[in-house]
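Enquirer: I have a structure here, written as structure tokens, and I will follow up with some questions on it.
Numbering (the numbering used here), first residue to last: 11 to 245.
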């Protein structure tokens with residue numbers, strides 16, 4: 011037989027029996043409750059992809075800017091022309107800047123004064139590039155002749171085809187022969203001297219001046235022939 015414990019008998023109450031640690035049991039119940047509250051399908055936080063997308067778009071734009079050589083195209087005269095056209099097509103800015111009684115018409119007046127002095131200044135710059143003669147550029151005779159041939163003999167027929175096609179498609183005002191004549195005349199004109207100023211900014215002023223010199227010389231003959239043809243076709 012088993013001997014009774016030293017300080018008592020086997021006849022003890024249930025309250026005196028040892029039980030589990032109540033604090034540990036409460037902690038376990040709380041942990042189980044927290045696990046029950048956790049959803050089975052956790053919704054992950056949405057990643058903020060805006061900076062990543064903006065970085066990719068910026069890289070694409072920088073690549074196109076370098077690939078298309080936009081730095082050489084977007085020269086100050088071209089930027090000013092684009093800005094002027096953008097402001098001119100908006101009625102609000104047109105009334106604010108370009109009309110005679112506009113509050114900011116003084117800006118337009120100042121630009122007109124500067125524009126009147128632009129052509130003489132460009133001619134002086136072109137004359138300075140031709141100080142050693144039109145043959146002092148690095149362009150060879152074949153290159154110069156090819157440029158003159160393309161500008162004065164190939165571009166006008168192309169312009170004539172474009173104008174006639176636009177007329178057939180109904181894009182031009184009906185019965186306005188003078189409008190068609192002006193469009194055709196624009197394709198027969200020699201290269202603008204403004205291109206010489208743009209080329210001068212890129213360090214090619216002497217070559218551009220030589221091309222402009224010879225193009226304007228030969229344009230006297232080519233324009234006479236093309237104008238005669240346009241008058242016979244339209245009038």
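Even for Gly, the Cβ is constructed at its ideal location relative to N, Cα and C.
Sort 155, 156, 134, 192 by Cα distance to residue 170 and report the nearest one.
Expert: Closest by alpha carbon: 192.
Enquirer: Does the ligand FAD have even one heavy atom less than 7 Å from the beta-carbon of residue 92?
Expert: Annotation note on the ligand FAD: not contained in the displayed structure, which lists no ligands.
Enquirer: Could you work out which residue in 189, 172, 160, 180 is closest to residue 232 when comparing CA atoms only?
Expert: Ranking the options by Cα distance to residue 232, first place goes to 160.
Enquirer: Could you give the distance in angstroms between the alpha-carbon of residue 132 and the alpha-carbon of residue 138?
Expert: If you take the alpha carbons of residue 132 and residue 138, they lie about 10 Å apart.
Enquirer: How do the segment 93-105 and the segment 162-180 stand: do at least 3 beta-carbon pairs fall below 8 Å, yes or no?
Expert: Segments in contact, no.
Enquirer: When the Cα atoms are used, what is the spatial distance from residue 82 to residue 245?
Expert: Computed Cα separation, rounded: 42 Å.
Enquirer: Once DSSP output is grouped into helix, strand and coil, what is the label at residue 167?
Expert: The answer is helix: DSSP assigns residue 167 an H, G or I state.
Enquirer: Would you grab the beta carbon distance between residue 113 and residue 106 for me? Rounded to a whole angstrom, and I think it's under 8 Å.
Expert: Going by Cβ atoms, the distance from residue 113 to residue 106 rounds to 6 Å, so yes, they are a contact pair.
Enquirer: Which residues mark the beginning and the end of the alpha helix (DSSP H) in which residue 118 is found?
Expert: From DSSP, the alpha helix (DSSP H) with residue 118 extends over 115-139.
Enquirer: Is the CB-CB distance between residue 140 and residue 219 below 8 Å?
Expert: Result yes, Cβ atoms of residue 140 and residue 219 sit closer than 8 Å.
Enquirer: Could you give the C-beta distance for residue 221 and residue 154, rounded to a whole number, given that I count them as a contact under 8 Å?
Expert: About 7 Å; that satisfies the 8 Å criterion.
Enquirer: Less than 8 Å separating the beta-carbons of residue 166 and residue 236?
Expert: Against a cut-off of 8 Å, the Cβ pair of residue 236 and residue 166 comes out as a contact.
Enquirer: Taking the beta carbon of residue 158 as the centre, do at least 16 other beta carbons fall within 10 Å, making it buried, or is it exposed?
Expert: The residue is buried, with at least 16 neighbouring Cβ atoms inside 10 Å.
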